[in-house]
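Per this note's numbering, the sequence shown starts with residue 729, numbered consecutively.
Below is one structure, written out as structure tokens; comments come after it.
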Amino acid sequence: MEQDADFLGQAIVLAYANVKQGGRPFGALVVKNGEIVARGVNEIVQTNDPTAHAELMAIRAASKQLGTASLAGCSVFASGHPCPMCMGAMRLAGIKAVTYAYSNEDGDPFGLSTAEIYADLAKPFSQQSMSIRHVPMRLAGQPDLYAHWRHHQ
Numbered sequence: 729m730e731q732d733a734d735f736l737g738q739a740i741v742l743a744y745a746n747v748k749q750g751g752r753p754f755g756a757l758v759v760k761n762g763e764i765v766a767r768g769v770n771e772i773v774q775t776n777d778p779t780a781h782a783e784l785m786a787i788r789a790a791s792k793q794l795g796t797a798s799l800a801g802c803s804v805f806a807s808g809h810p811c812p813m814c815m816g817a818m819r820l821a822g823i824k825a826v827t828y829a830y831s832n833e834d835g836d837p838f839g840l841s842t843a844e845i846y847a848d849l850a851k852p853f854s855q856q857s858m859s860i861r862h863v864p865m866r867l868a869g870q871p872d873l874y875a876h877w878r879h880h881q
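So this is what it looks like as structure tokens:
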């Protein structure tokens with residue numbers, strides 16, 4: 729637990745440093761076998777990329793460092809409550825544990841909560857705030873896309 733607190737503290741230090749650089753207050757680490765594999769900070773302001781969250785930046789750096797898209801066996805330590813996009817990315821990467829310091833409740837007075845997004849995503853597609861449609865289109869004369877992919881692996 730002491731090592732976890734150290735990693736979480738380092739994520740918070742990254743967030744403070746990012747604020748000093750004009751960025752948003754988020755930092756994250758990817759850790760494997762007790763060693764830091766990668767660090768990331770929120771770069772939305774610097775890059776105008778709405779997906780440049782600290783967790784995603786750390787995941788991208790870790791995947792590059794480890795030479796694999798699978799981050800099985802890794803953990804993430806984040807200064808703030810990861811948003812649904814980051815949680816989804818962590819799950820897709822095979823990360824099984826995430827620890828964060830500041831909650832959505834902590835961030836809410838500052839416009840930094842993603843609780844409303846979590847709530848919206850929990851609704852059926854037809855009730856969500858974004859229009860989501862499934863149109864089962866296939867291209868004439870082409871093999872099924874997924875079967876085509878499987879064949880080329």
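Beta carbons are placed, not taken as given, at the ideal position from N, Cα and C, and that holds for glycine.
All of these numbers come straight from a predicted model, not from anything done at the bench.
query, result
"Residue of ILE772, PRO852, MET815 minimising C-alpha distance to ALA825", "MET815"
"Anticipated Cβ contact below 8 Å, ILE739 with ALA806, distance rounded", "One point to set straight first is that residue 739 is Ala, not Ile, in the sequence displayed. Confirmed, about 6 Å."
"Beta-ladder partner(s) of VAL671, from DSSP", "This structure gives no information on residue 671, because the portion of the chain shown stretches from 729 to 881."
"Segments of 3+ residues assigned as beta strand (DSSP E) that fall wholly inside the segment 788-856", "802-808, 825-830"
"Which of helix, strand or coil DSSP assigns to ARG861", "coil"
"Limits of the unbroken alpha helix (DSSP H) element including GLN731", "730-748"
"Boundaries of the alpha helix (DSSP H) in which GLN774 is found, first to last residue", "772-775"
"Beta carbon of TYR830 nearer than 8 Å to that of GLY808", "yes"
"Contact set for CYS811: own chain, Cβ-Cβ below 6 Å, skip 5 residues either direction", "THR842"
"For ILE772, the nearest candidate out of LYS760, GLY762, TYR874, MET785 (CA to CA)", "MET785"
"C-alpha gap between PRO871 and TRP877, whole angstroms", "10 Å"
"Same chain, Cβ closer than 7 Å to LEU799, neighbours up to 5 away in sequence not counted", "VAL758, ILE787, ALA790, SER791, ALA821, GLY822, ILE823"
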